[in-house]
Each structure stands twice: as C-alpha cells, then as structure tokens.
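Q: One structure follows; several queries about it will come next.
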Amino acid sequence: MIMKEKKGVLLLLMAAFVLCFGCGVRQEPELTETPLELQSPSLIESKEKKSDRTIVLEHTLEDKKEETKDTEVRIQEEIESLIENMTLEEKAAQLFIILPEALIQGVDGVTVAADRTKKEINNIPVGGFIFLSRNLQSREQVKSMMDNIQLYSMERVGVPAFLCIDEEGGAVTRISGTGKFDVPSIEDMWVLGQTGNFDRAYEVGLDMGQYLSDLGFNVDFAPVADVLTNEENGVVKHRSFGREPELVSNMAAALFTGLEEKGIYGTYKHFPGHGMTADDTHEGYAYSEKTWDQLEKCELIPFQKGIEEGVSFIMAGHISLPGVTGDHRPASLSEYMLNHLLREKMGYNGIIITDAMNMGAIVKEYSSKEAAVLSLQAGADVILMPDNFQEAYEGVIKAVEEGILSLERVNESLRRIFYVKQQIKIRMESSTESP
21 MIMKEKKGVL LLLMAAFVLC FGCGVRQEPE LTETPLELQS PSLIESKEKK SDRTIVLEHT
81 LEDKKEETKD TEVRIQEEIE SLIENMTLEE KAAQLFIILP EALIQGVDGV TVAADRTKKE
141 INNIPVGGFI FLSRNLQSRE QVKSMMDNIQ LYSMERVGVP AFLCIDEEGG AVTRISGTGK
201 FDVPSIEDMW VLGQTGNFDR AYEVGLDMGQ YLSDLGFNVD FAPVADVLTN EENGVVKHRS
261 FGREPELVSN MAAALFTGLE EKGIYGTYKH FPGHGMTADD THEGYAYSEK TWDQLEKCEL
321 IPFQKGIEEG VSFIMAGHIS LPGVTGDHRP ASLSEYMLNH LLREKMGYNG IIITDAMNMG
381 AIVKEYSSKE AAVLSLQAGA DVILMPDNFQ EAYEGVIKAV EEGILSLERV NESLRRIFYV
441 KQQIKIRMES STESP
C-alpha cells in the first residue's frame with residue numbers, strides 16, 4: 021500500500037515536471053538583471069566607470085553651454101561698451117572699407133604700413149581696407165603690412181580692421197593671378213561650375229582660405245552667387261558658377277565653407293543677382309524687369325542658401341529692379357530691397373556691404389556723400405570704396421548731426437560690424453597664444 025502511494029506521488033511529480041518545463045522550453049526566459057552580489061567585481065567596476073563617465077560628460081556639456089553663454093554675454097557687453105564710448109567721428113569711420121590710398125594720399129600704390137599709416141588711422145580709424153594687386157608684392161611685404169595695420173587698429177579702437185580682398189579665382193584674383201606668390205592657381209568659377217564637383221569647390225575654398233589667412237586677410241569678397249540667366253551678360257559670365265540656381269547655390273556654399281574653415285569670412289555677391297542684367301554696373305546703370313516672385317524662383321536661391329549656411333557678409337549690387345521696387349534706385353541704395361526684402365523677408369541679420377561705390381552706376385547719378393547716406397538709410401552697414409572717401413565720411417557725420425540719419429541706425433550697423441570683429445579678435449588672440 022505504501023509502495024503504491026509512493027508510486028502515485030512520483031507519477032504526479034513527473035507529470036507536474038513535464039507540464040512546467042516540457043511545455044515551457046520554447047518560452048524565452050525572463051530577462052532580469054543579475055543581483056549585484058552575484059556580478060563579477062570587474063563588471064561592477066565597469067558599470068560604475070561608465071556611470072561616472074556619463075556624469076562627467078553631462079557636466080562637461082553643461083559647462084560648455086554655460087561657457088558659450090558667458091562668452092556671448094561678454095561679447096555683447098564689450099560691443100555696447102565700445103559703442104557707448106566712441107565719438108560720432110569714430111563711429112562713422114568704422115562704416116567704411118576703403119583703398120589704402122584713400123587714407124594715405126599722394127601714394128600710387130601703398131605697400132607699407134608704418135608711421136604715416138598709424139597717424140592716419142589714429143586720425144580716422146576706418147573699419148577696414150581692400151587691397152588690389154598693386155598693394156601686394158611679396159609674402160613678407162603683405163604679412164608685415166597686415167600685421168601693422170591690425171596693431172594700429174587694435175591700439176586705436178580696440179577691435180581689428182577688416183582686411184579684404186577680391187579673390188574669386190580665375191580672372192578676378194589679386195594673389196594667385198599675379199605670379200608673385202607661391203599659391204595654387206584657381207580656375208574661373210564658370211569652369212569649376214561646369215564640373216558640378218562640389219568637393220572641388222570646397223577644396224578651392226580651403227586653398228584660397230589657407231593662403232589668404234596666412235597672409236593676414238580676414239574677408240574675401242567671394243563667392244559669386246550670381247545665376248547667369250541673361251545671355252548678354254558679360255560682367256559675371258566667367259565668374260558665375262552657372263545658369264542653374266541649385267548648382268550655383270551648392271557650389272557657392274561649398275566654396276564658402278572652405279573659406280570659413282580657414283578663418284576667412286566669405287561674402288555672397290552681388291545681391292539680388294548680377295547675372296540677370298545685360299549691362300555692367302562698373303560702367304553705368306544696369307537693371308532687370310524681373311519681379312520678386314521671379315527672383316525667388318531663381319536668382320535669390322543661392323543667397324537664401326548662404327543665409328541658411330550662416331554667411332556674415334552679403335554684398336548689395338548696384339542693380340535696379342523697377343519691377344520690384346517701383347523705381348530705378350539701385351538695390352545698394354534701396355530700403356525696400358535691403359531692409360524689407362533681404363532682412364525681413366529673407367531673414368538675413370548679418371553685415372550688408374555695398375558693392376564698390378566708385379562704380380559708374382553710382383558716380384554717374386550720385387555724389388559720394390549722397391550715396392553713402394542713402395545706403396545707410398537703406399540698411400547697408402558698410403560702405404565700400406567711395407569715389408571720394410573724405411566727402412562720404414564727412415557727409416555721414418553731417419547727416420547724423422542734422423537728423424537726416426539717426427544715430428541709432430549707425431549704432432545698429434556697428435553692432436553687426438563689431439560682432440564679427442570680436443570673433444576675429446578672439447581668433448587673433450587664440451593664434452597668438454598657440455605654441
């Protein structure tokens with residue numbers, strides 16, 4: 021009897037075993053974390069280290085955010101302090117980028133920055149200089165001139181000068197096209213554009229950015245963002261990347277990125293697009309009958325891309341667009357084009373610089389004083405190469421004194437200018453500290 025009971029119990033246990041495990045072999049075991057006391061010491065240590073690293077990383081990221089925020093606040097405070105402590109004459113001077121010969125008068129081609137340059141900068145601390153081939157003779161000469169100008173500017177106003185050049189590649193080169201410098205030769209942008217090779221455009225930007233930075237420049241008036249839509253256009257025919265807005269947009273962005281990575285501020289030009297005109301603004305009046313809707317579908321695409329890429333300089337061309345503005349005033353002097361459309365509609369908050377103010381489209385219609393004041397009223401921040409610098413400079417001062425141009429309008433431009441100059445200053449200090 022006892023044996024039968026034992027056998028019965030055994031059979032029941034075996035049946036239970038089969039039910040519990042035989043049917044459950046296909047089930048995935050529940051995943052639970054191994055109790056800490058059963059884990060190996062090395063695994064525990066690894067997890068603790070990983071946790072520590074995560075905490076350190078989080079703290080590092082937070083510290084960097086705070087550091088960036090603190091730096092930004094400091095920069096803004098320095099900018100406001102600069103503006104508050106400047107005279108009207110100093111403020112007006114910072115709105116101009118001129119040829120060195122406009123300041124050092126009586127010299128055909130300035131190649132040295134010495135005592136006279138220092139004296140003139142102390143007298144009129146201009147915002148910057150643009151250099152032509154006649155000013156650039158050798159690597160050592162250029163580097164010395166740039167270094168001295170920056171020294172004088174820093175001593176006088178506490179911020180660097182914009183040291184600018186037209187180095188587009190191809191026909192428009194002040195360095196690579198002279199044969200005086202051991203730098204890469206750059207093809208026309210039209211030739212480059214026909215390859216559709218964005219990597220090559222980026223490499224060109226890197227090459228140009230490297231040798232310009234090495235020589236002491238900080239601003240290049242490139243890339244040309246004009247879409248060539250007018251077959252009769254000769255002024256940007258070989259300087260444009262092409263006829264398709266997307267191609268021009270991507271090629272310009274690639275070259276711009278290369279420049280910026282080497283510490284050179286690129287400049288998108290010539291807003292709203294010189295490729296749609298038949299005439300040359302160097303010679304005189306140039307216009308297009310296109311409407312804003314038409315521009316948005318073509319000419320403005322590269323400029324919008326540049327804004328999205330974070331461009332700090334856009335050059336306003338002397339192109340008239342009566343179909344947009346209702347008058348024949350050039351874009352560089354048009355409040356509707358610069359303030360309403362470029363800033364408000366397209367969302368651009370960087371520096372607007374005029375095309376050279378000694379060009380036919382300006383000098384045949386306006387005095388240097390009129391052009392300078394009108395461009396600032398329109399929303400431009402920097403006046404490039406006025407035909408008569410002294411007249412333009414004094415005209416801006418007088419316009420503020422007489423209430424024709426508001427001081428706040430001037431200060432608004434100075435905030436944009438000084439923000440970029442503070443970035444240049446930080447780079448200069450960083451390169452000086454580097455071994």
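Under the working numbering, the sequence shown is numbered contiguously, ending at residue 455. Ideal Cβ placement from N, Cα and C applies to all residues, glycine included. Note that this is a predicted model, so its numbers are computed, not measured.
Between which two residues does the beta strand (DSSP E) carrying Tyr285 extend?
A: Taken as a continuous stretch (DSSP letters only), the beta strand (DSSP E) holding Tyr285 covers 285 to 291.
Q: When you compare only the Cα positions, how much space is there between Asn253 and Lys138?
A: About 42 Å.
Q: Does DSSP classify Thr452 as helix, strand or coil?
A: DSSP places Thr452 in helix when its eight states are reduced to three.
Q: Measure the beta-carbon distance from Arg278 to Gly225 and round it to whole angstroms, keeping in mind my assumption that it falls under 8 Å.
A: One point to set straight first is that residue 278 is Gly, not Arg, in the sequence displayed. At roughly 2 Å, the Cβ-Cβ gap stays under 8 Å, so Gly278 and Gly225 are in contact.
Q: Work out the CA separation of Ile334 and Pro145 for me, nearest whole Å.
A: Cα to Cα, the separation comes out at about 23 Å.
Q: Report yes if the CB atom of Glu329 is closer than 8 Å to the CB atom of Phe276, and no otherwise.
A: A contact, by the Cβ cut-off of 8 Å.
Q: Go ahead and pull the three-state DSSP assignment for Leu183.
A: If DSSP states are grouped into helix, strand and coil, Leu183 belongs with the strands.
Q: Buried or exposed: where does Val211 fall if 16 or more other Cβ atoms within 10 Å of its Cβ makes it buried?
A: Val211 comes out exposed.
Q: Classify Leu427: buried if its beta carbon has 16 or more other beta carbons within 10 angstroms, exposed otherwise.
A: So Leu427 counts as exposed.
Q: In chain order, what residues of the same chain lie with their CB nearer than 6 Å to the CB of Asn378, ignoring the 5 residues before and after it?
A: For Asn378, where only same-chain residues beyond five positions count, the Cβ hits under 6 Å are Met405, Asp407.
Q: With burial defined as no fewer than 16 other Cβ atoms inside 10 Å of the residue's Cβ, what is the status of Lys317: buried or exposed?
A: Burial call: exposed.
Q: Looking at the unbroken alpha helix (DSSP H) that takes in Phe218, where does it start and where does it end?
A: Per DSSP, Phe218 belongs to the alpha helix (DSSP H) from 218 to 235.
Q: Helix, strand or coil, according to DSSP, for Ser173 in the structure here?
A: Looking at Ser173 - three-state DSSP - the assignment turns out to be helix.
Q: Could you give the residue range of the alpha helix (DSSP H) that holds Thr345?
A: Looking at the DSSP string, the run of the alpha helix (DSSP H) that includes Thr345 is 342 to 345.
Q: Would you say the stretch 340 to 358 touches the stretch 267 to 274, given that touching needs at least three Cβ pairs under 8 Å?
A: They do not touch, by the three-pair rule.
Q: Work out the CA separation of His360 and Ala306 for me, nearest whole Å.
A: Their Cα atoms are separated by approximately 21 Å.
Q: Compare the Cα-Cα distances from Pro14 to each of Tyr356, Tyr368, Phe237 and report the closest residue.
A: Absent from the structure is residue 14, since the part of the chain shown begins at 21 and ends at 455.
Q: Is Leu404 helix, strand or coil when you go by DSSP?
A: In this structure, Leu404 counts as strand in the three-state DSSP scheme.
Q: Quick check on DSSP: helix, strand or coil for Gly117?
A: Checking the sequence, you will find Ile at residue 117 rather than Gly. Strand at Ile117.
Q: If you draw a straight line from the C-alpha of Tyr413 to the C-alpha of Leu108, how long is it?
A: Spanning the two alpha carbons is a distance of roughly 11 Å.
Q: If we ignore side chains and look at the alpha-carbon of each, how far apart do Gly129 and Ile150 end up?
A: Their backbone Cα atoms lie some 12 Å apart in a straight line.
Q: Out of curiosity, what's the CA-to-CA distance linking Gln157 and Ala133?
A: Straight-line Cα distance between these residues: approximately 13 Å.
Q: From the DSSP secondary-structure annotation, give me the bridge partner or partners of Gly148.
A: Ile117, Phe182, per the DSSP bridge assignment.
Q: Measuring CA to CA, which of Gly283, Lys289, Val247 is closest to Met296?
A: If we check each option's Cα against that of Met296, Val247 comes out closest.
Q: Is the number of C-beta pairs between the stretch 104 to 120 and the stretch 409 to 423 that are closer than 8 Å three or more?
A: Touching, per the Cβ criterion.
Q: Grab me the residues of Ala221's own chain with a C-beta within less than 7 Å of its C-beta, minus the 5 sequence neighbours each way, in chain order.
A: Counting only Cβ-Cβ distances below 7 Å, and skipping sequence neighbours, we find Leu212, Met271, Ala274, Leu275.
Q: Name the residue from Gly178, Gly262, Gln314 whose alpha carbon lies nearest to the alpha carbon of Ser101.
A: Ranking the options by Cα distance to Ser101, first place goes to Gly178.
Q: If I'm right that His338 touches Ser352 with Cβ under 8 Å, what's the distance once you round it to whole angstroms?
A: Confirmed, Cβ separation roughly 5 Å.
Q: Figure out for me which residue from Phe182, Arg259, Ile382, Lys200 has the closest Cα to the Cα of Ile371.
A: Considering only alpha carbons, the answer is Phe182.
Q: Leaving aside the five residues before and after Phe409 along the sequence, list all residues of the same chain whose C-beta is less than 7 Å from its C-beta, in chain order.
A: Taken in chain order, the residues that qualify are Phe116, Ile118, Ala122.
Q: What is the DSSP secondary structure of Gly278, counted as helix, strand or coil?
A: It is helical.
Q: Would you kindly check if the distance between the Cβ of Asp208 and the Cβ of Thr301 is under 8 Å?
A: Contact: no.
Q: Just mark Met106 as buried or exposed, buried being the case when its beta carbon has 16 or more other beta carbons within 10 Å.
A: Per the 10 Å Cβ criterion, buried.
Q: What span of residues does the beta strand (DSSP E) with Phe333 cover, start to end?
A: Phe333 -> beta strand (DSSP E) spans 333 to 336.
Q: Distance check for Asp135 and Pro322, CA to CA, integer angstroms please.
A: Distance between the alpha carbons of Pro322 and Asp135 is about 43 Å.
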